[in-house]
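If you're matching positions, the sequence shown starts at 1 in the working numbering and goes up one per residue. Heads up, the beta-carbon is just placed ideally off N, CA and C, and yes, glycines get one too. Encoded as structure tokens, the structure appears first; notes follow it.
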Amino acid sequence: QVQLVESGGGLVQAGESLRLSCTASGSIFSISALGWYRQAPGKQRELVASISRGGSTNYADSVKGRFTISRDNAKNTVYLQMNSLKPEDTAVYYCNANTSRGGYWGHGTQVTVSS
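Here it is in structure tokens:
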């Protein structure tokens, strides 16, 4: 079992920044990749960014150049630095851990960007 706890969401204006954090606990040795997903009202959950154990990253086209994912293995934490936020980035952001036993999700954190 892996437990994930997100923090860092909030209400910001367009153009501002936020940093999300997600700390993992439990069977962290089994985690191969960590990622951030988001789900806006009426839309499907979508991948925002992911990072492998070795540090390889992957981003959705809509956030490339604005968002940066990073991980601190010593702290079992993954971060999502979000710059130049847009109203269309408004969503609940979920942390995901990919393990050999399947995927685990955090409870989500709300990000709201006003225009």
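| query | result |
| --- | --- |
| Neighbour-count burial assignment, Thr57, 16 or more Cβ in a 10 Å radius | exposed |
| Residue environment, Phe67, which counts as buried when at least 16 other CB atoms sit within 10 Å | buried |
| Alpha-carbon to alpha-carbon, Asn98 and Pro41 | 25 Å |
| Cβ-Cβ distance between Gly9 and Asn96 below 9 Å | no |
| In chain order, each beta strand (DSSP E) run of at least 3 residues that lies wholly inside the region 1-36 | 2-7, 10-13, 18-26 |
| The region 49-56 contacting the region 10-22, beta-carbon criterion three pairs below 8 Å | no |
| Host beta strand (DSSP E) of Thr57 (start-end) | 57-59 |
| CA-to-CA distance, Leu80 to Leu69, given in whole angstroms | It should be noted that the sequence gives Ile, not Leu, for residue 69. Near 5 Å, if we compare the C-alpha coordinates of Leu80 and Ile69. |
| Residue burial classification, Asp89 (beta-carbon count within 10 angstroms, cutoff 16) | buried |
| Cβ-Cβ distance between Val12 and Ser114 below 9 Å | yes |
| Beta-bridge partners of Val113, as assigned by DSSP | Val12 |
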